[in-house]
Structures are given as structure tokens and as C-alpha cells.
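In the order they appear, the protein sequences are chains A and B.
When the letters of the first sequence are read in order and numbered with our numbering, they come out as residues 1 to 103.
When the letters of the second sequence are read in order and numbered with our numbering, they come out as residues 104 to 563.
All C-beta atoms in this analysis are idealised placements derived from N, C-alpha and C, irrespective of residue type, glycine included.
Below: the structure, in C-alpha cells.
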Amino acid sequence: MTEITAFWIAIYIAMLAAFTGYVTISRVPAILHTPLMSGSNFIHGIVLVGAMVALGLANTPTEQVIGFMAVVLGAANVTGGYVVTERILQMFDRSGKKPGKGA
Amino acid sequence: MADFSFAIEPVYIATIFFFIVGLQRMSHPLTARSGIVWAGGAMLIATLVTFFTPNLTNIDLIAIAIVIGGGFGYIAAKRVAMTNMPQMVALFNGMGGGAAAGISAVALLGPTTPTSSLAVVGGLIGAVSFSGSLIAFLKLQGWMPSRPVTFTGQQIFNMAVLVLAIVSGAFVILQPSSMPLFVNASLPLFFILALGFGLLMTLPIGGADMPVVISMYNAFTGLAVALDGFSFVTPNYAMIIAGVIVGAAGSLLTLKMAKAMNRSLTNVFFGAFGATEEQAVQVSGSVKAIEADDVAVLLAYADRVIIVPGYGMAVAQAQQKVKELTDLLEGRGVRVKFAIHPVAGRMPGHMNVLLAEAGVAYDHLFDRDEVNPEFPSTDVVLVIGANDVVNPAAHREGSPLFGMPILDVEQAKNVIVLKRGQGKGFAGIENDLFYRDNTQMLYGDAQETVGKLVQALKKL
């Protein structure tokens, strides 16, 4: 496949993803807006795999330094985003049943 | 080591599948958690399998960077108190934007390709999200004044910075051979200007607008990640899909938040709400104070009570006491509901999270539209640290708040406002509600005051 076809396939995919995102998100009730935001925060943490490839293919020291920072930031994004979301959802899970102290 | 590079695309596909399922399961509080756990597991495997990307070098550096970043993210997210969640979300979001900007930078350091212009746009959005989210974090954390920072000619200055960033971005792509000096300087200049614009754009935004800002930068990071997905030799479809989905989610949420305040995005970003002096509106009547014991009696013999929490409840960390109060009242047969304004607090859904932390069942929480018709038949409304979202001035033409959909608490038989002092709300506008005949003020720190109510109720 040439580069330009891969590009256009990606554009098609992006368009479908936009609809998927819109439809999925519009069903989320207001009560879950924080976990939704924090969950999508975790999902864009996929940037980590891109940063890994960028650093892994870096040749010059400048590229390595920037790539290294990108991986650090991406790893913090994905880990922090996951933990925060999970902590918040844990409370919703529980609040429906019995009261308790915050985690 | 065995070669697992064949597994990369299948694992990425599975990851995207679980991301979407995870988001779908967020349509109900009880299913939401399992969804995110699956998505997390998929992401972990995706990270591992990425190490098998063909021709990957610097593997030790990658591993060290993951340990540093992941360790920081884990510890910071575990330790943060629920009340500090908004700034944590802003911080992690900014870091994602920074990572996206870094990927763009590495891509642009190499030779120009047909997709370089996408990398420039991704770099611009990512860098703006990075510096902007950091400013939002500093403001929410209280390390910077949360009031809007303004100066004369600010909007023109900011626009100039943005235009210059775009111009230097164009130099990065076009690399005109007639101006070799600019070509070398253009890439660092581009990122400096982009970071500067994110900073300048966020400075004039005040605390109450944070729900809009946080969700918008979330969308920005998503878009930047999607655009960066194009910057590899073969497009990274996982980044494109995940990024676009987050971009759509963030945009939707941003518009919802802006609508809940009846303000356009332009107004949020260029209006510097609360910075300008609003015309003084004469409010007639006087403010009446009440004691906790009297409020307790009022509540104990009420039939229906609605509690309206606001940012003041978060600041005073009063949610546990509020939960105790709710339990006591329900024990006496009082029907208690919570009315949640969409932009109460500092991030979308902020109040829901705090009340869930305290153990208030989510079926007690109601949206503005659901609960507004019930205020006329409510005996007591307890406003805890909310101000602008209950200001009836929003119904009066000419008021700066005019048109903002509010909670119509003034229609209840009794309104008790718990407030720290006699200050104005974030918008800096006098609240008519406090002067109404059916309104009485209970001054003090929300946690202490609600504690007093609990004590008084126990004695009754």
C-alpha cells in the first residue's frame, strides 16, 4: 500500500471514530461526567505507544531527549488517568449500596 | 527475546475495542468500573507489545522513562484527595498534551514528509493543551491566584502570539531555501510560541469557568494524539481512533458545560468573567441570619428537603457531614434530594464525585431539569456553598448572569444558605436570593456548620 492510500484510510477511520465517540458519549449521564472526562483522559494516554516509537526510532541526542520526555509524560498520563478514573468509579460502585469512608 | 511484532496490530485492535466498550459501560454507574478495568488491562498489553516494534532502539531509555512517568502518575493519583481531583485531571491531561507535542517535535526534526503539516497542527494543539492545562492545574491547586489575570491589549497580544506560532509552523513545513536562517530557528520558535499561547490563553480564565476549560483541553489533547498518529511511516490507527474519540467526547462535554452557563466559548475564553466591574444593581430588602439550632428544627419537621451543593462544600470538605445529615433526616422520614447544577464546582460532575465519596446513593442526585419543577413543593432548601448557580438575577434582563439556567431555589418555602462570609459569588454579582423574605443565612465554615446541624438534630 502506498503512503497516500494509508493516509486516506486513516481519514476514513478518523471520521467513523468521531461518530462512535459522539454516540457513545452522548449516552453518559451527567452524574458520570467526571469519570467520563477522566476516563477519556486515560484513553488519550495511548499517546504513550506513539512516544515509545518516537524515542525508539530517535537517532540524534536532541531527538532522544525530546522522545524521553514524551515517554515520561505519556506514561504519567496513562497511569494517572487510569488510577484516578478507577478510584472515582469505585466510589460510584459503592455509593449505590452502602456508605463508607473515602478511599 | 522472542519476536512478538506480529501481535502489535491485533493487540492495538483489541485495545481500541476495550476502550470503546469501557466508554459504553460508563452509561451506568454500576457497570462503569468493570469497563475501565478491561480498558486498563488492554492498554498495559499494548504498551508491552509496543516494545517489539521493528527496528526499535533505545529500549533501556524507554523502560526508564516509563518507570519514571508511570511511578509519578501512580503515586500522585493514589495520594490525591477527592476534593483535589479537578487539578489532578488537568495535570494528567496536560502531560498527555506534552507527550503529543514531543512526538510532533521528533517527527518534525526529521525530513519533511507529506504528513508534516498534520504534525505541526498536532504539535500546536498538544503544546497549547500542555501549558494551558498546567496553568489550570496551578490555579486549581491554589499555587496561582484563580482570579482572571488581565492586562490591556491582552486579546490582541494573544492573537499575535498565535499568528506568529502558525507562521513559524509554516516555515517548519515549507523550509524556504531563500531564508535559511529562519528555517533553523523556526522549530524551537514554533514550540515556544505555541506553549506561550496556551499559557496566555488560560491566564484570563477564572475558577468558575474551569469545568469548560478542563474538558476543552481534554478534547485538545485527544485531537493532538490523533494528528500525531499520522506522523509515523505507517499511520498508528490506534492513536488516531482513540484520539478522535476523546476529541469528540471532550468537545461534546465542553459544549454541554458552556451551555449550562449560557455562555459561548468565545465568551469563556475572551470574556474574563468577573474581572470587569459590573454595574451595581440595587437590591432591596435585608439579609437575615439564622442559628444552626433553628435550622435543625426547620429540617426535622420538614416533609421535603433539597440540598444544593456548590464549590464551597468542596472547599470546606463538608461532604461527609452532609451525608450524616442526610441519613439523620431520612431516619426521621424526611425526603431528601440533591440538586446538582451542571457547572457546580470546578470540573464537570464535581459534586457527584464528592457526594459519591461520602456514600450518598446516586439515585438521590438530580439534574437541574429534573429537580427544578419540585422546588415550589419543597419545604426547605439547603444551599451549601453554592452562589451563582442559585442567583435569581439570572432571570432578570440586564444582569451579567441573565439567561444562565439556574436552580430555582427561591420558589421553595424556606431557603437556608450556608455561607462562609458575606462575600459575593465568583461572578462578583450580588445575589438577590439572600435578600428574599424566605431566605435566611447560616454563616460559618460549611463543615463546621453542617456538623452543628447534625448535633442539633440528634438532640431533637
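task = From the DSSP output, read off the bridge partner residues of Y320 of chain B.
result = Y320 of chain B has no beta-bridge partner at all, per DSSP.
query = If we cut at 8 Å on Cβ distances, does G377 of chain B have a partner in chain A?
reply = With a pLDDT of 42 at G377 of chain B, under the threshold of 50, the modelled position of this residue cannot be trusted; read the value that follows with caution. Look at G377 of chain B: its C-beta is not under 8 Å from any C-beta on chain A.
inquiry  = For Y465 of chain B, count the other beta carbons within 10 Å of its own beta carbon; 16 or more makes it buried, fewer makes it exposed. Which is it?
reply    = By the 16-neighbour rule on beta-carbons within 10 angstroms, Y465 of chain B is buried.
key: Collapsed DSSP secondary structure at T215 of chain B in the structure displayed   = DSSP, read as helix, strand or coil, puts T215 of chain B in coil.
request  = In angstroms with no decimal places, state the Cα-to-Cα distance between L457 of chain B and A70 of chain A.
outcome  = C-alpha separation (whole angstroms): 32 Å.
ask   = DSSP beta-bridge partners for D470 of chain B?
value = D470 of chain B is bridged to B:I443.
query = Should V400 of chain B be labelled buried (16 or more other beta-carbon atoms within 10 Å of its own) or exposed?
reply = With fewer than 16 Cβ atoms within 10 Å of its Cβ, V400 of chain B is classed as exposed.
query = Taking 8 Å as the CB-CB cut-off, is N187 of chain B touching chain C?
reply = This model lacks chain C altogether; the protein chains it does include are A and B.
ask   = Quick one: is M198 of chain B buried, meaning 16 or more other Cβ sit within 10 Å of its Cβ, or exposed?
value = By the Cβ-count criterion, M198 of chain B is buried, with 16 or more other Cβ atoms from all chains shown falling within 10 Å of its own Cβ.
message = Quick test of your reading: K440 of chain B and V474 of chain B, contact by CB under 8 Å. State the CB separation rounded to the nearest angstrom.
response = That pair is a contact at about 6 Å.
message = Rounded to the nearest angstrom, what separates A564 of chain B and V492 of chain B at their Cα positions?
response = There is no way to answer for residue 564 of chain B, as the model of chain B reaches only from 104 to 563.
query = Does F109 of chain B come within less than 8 Å of chain A when only Cβ atoms are used?
reply = With its beta carbon at least 8 Å from every one in chain A, F109 of chain B lies outside the interface.
query = To which residues of the same chain is M342 of chain B closer than 8 Å at the C-beta, ignoring the five residues directly before and after it?
reply = Cβ within range, chain order: V328, A329, D331 and G332.
inquiry  = Please classify I344 of chain B as buried or exposed, where buried requires at least 16 neighbouring CB atoms within 10 angstroms.
reply    = Classification for I344 of chain B: buried.
query = Bridge partners of T542 of chain B, per DSSP?
reply = B:V518.
request  = Look up V485 of chain B in the DSSP assignment and give the residues it is bridged to.
outcome  = Reading off the sequence shown, one finds Leu at residue 485 of chain B, where the question assumed Val. Beta-bridge pairing links L485 of chain B to B:I410 and B:I519.
message = Output needed in chain order: residues of the stretch 333-351 of chain B with a Cβ under 9 Å from some Cβ in chain A.
response = Under the 9 Å Cβ criterion, the stretch 333-351 of chain B contributes F333, S334, F335, V336, T337, P338, N339, Y340, A341, M342, I343, I344, A345, G346, V347, I348, V349, G350 and A351.
request  = State whether the stretch 29-46 of chain A contacts the stretch 59-69 of chain A, with contact taken as three or more CB pairs (one from each stretch) at a distance under 8 Å.
outcome  = With a cut-off of 8 Å, the stretch 59-69 of chain A and the stretch 29-46 of chain A do not count as touching, because too few Cβ pairs lie within range.
inquiry  = Quick check on DSSP: helix, strand or coil for R136 of chain B?
reply    = Note: R136 of chain B maps to helix in three-state DSSP.
query = List, in order along the chain, the chain A residues whose C-beta lies closer than 8 Å to that of R136 of chain B?
reply = Within 8 Å Cβ-Cβ: E86, L89, Q90, F92 and D93.
task = Quick one: grab the DSSP three-state call for F122 of chain B.
result = Judged by DSSP in its simplified three-state form, F122 of chain B adopts helix.
key: Buried versus exposed, by CB contacts within 10 Å (16 or more), Q190 of chain B   = Buried, by the Cβ-count rule.
task = At 7 Å on the CB atoms, spell out the chain B contacts of Y22 of chain A, in chain order.
result = What Y22 of chain A touches in chain B: A351 and L355.
ask   = Anyone know if the C-beta pair for V84 of chain A and F195 of chain B falls short of 8 Å?
value = A distance below 8 Å separates the beta carbons of V84 of chain A and F195 of chain B.
task = Using a Cβ-Cβ cut-off of less than 7 Å, give me the residues of the stretch 475-500 of chain B that come near chain A, in sequence order.
result = Residues of the stretch 475-500 of chain B with a C-beta less than 7 Å from any C-beta of chain A: none at all.
query = Listed from N- to C-terminal order along the chain, which residues in the stretch 53-67 of chain A have their beta-carbon within a distance smaller than 9 Å of any beta-carbon of chain B?
reply = For the stretch 53-67 of chain A, the set of residues with a beta-carbon nearer than 9 Å to any beta-carbon of chain B comprises V53, A54, L55, G56, L57, A58, N59, T60, T62, E63, Q64, I66 and G67, in chain order.
inquiry  = My assumption, with CB atoms under 8 Å, is that D482 of chain B sits in contact with V408 of chain B. Please give the rounded CB distance.
reply    = So it is a contact: roughly 7 Å between Cβ atoms.
message = Measuring only the C-alpha atoms, how far is Q382 of chain B from M360 of chain B?
response = In this prediction, Q382 of chain B scores a pLDDT of 45, lower than 50, which makes its location untrustworthy; the coordinate-derived value is nonetheless stated afterwards. Within the model, the alpha-carbon separation for Q382 of chain B versus M360 of chain B is close to 26 Å.
key: Residue from B:L402, B:S480 and B:T357 whose Cα sits closest to the Cα of K561 of chain B   = The residue with the shortest Cα to Cα distance from K561 of chain B is B:L402.
request  = Within 10 angstroms of the Cβ of L126 of chain B, are there 16 or more other Cβ atoms? Answer buried if so, exposed if not.
outcome  = With 16 or more other Cβ atoms within 10 Å, it is buried.
message = Against chain B, does A6 of chain A count as a neighbour if the rule is that its beta carbon must be under 8 Å from one of theirs?
response = A6 of chain A counts as touching chain B.
query = Does DSSP put R449 of chain B in a helix, in a strand, or in coil?
reply = Looking at R449 of chain B - three-state DSSP - the assignment turns out to be coil, as it is neither helix nor strand.
query = Any beta-carbon of chain B closer than 8 Å to the one on Y82 of chain A?
reply = Judged by the 8 Å Cβ criterion, Y82 of chain A is in contact with chain B.
key: Residue burial classification, T324 of chain B (beta-carbon count within 10 angstroms, cutoff 16)   = Buried, by the Cβ-count rule.
query = Looking at the structure shown, is R438 of chain B part of a helix, part of a strand, or coil, going by DSSP?
reply = In the three-state reduction of the DSSP assignment, R438 of chain B falls in the strand class, which pools E and B.
query = Residues of chain A with a CB under 7 Å from the CB of P451 of chain B: which are they?
reply = Residues of chain A whose Cβ lies closer than 7 Å to the Cβ of P451 of chain B are, in chain order, H33, T34 and M37.
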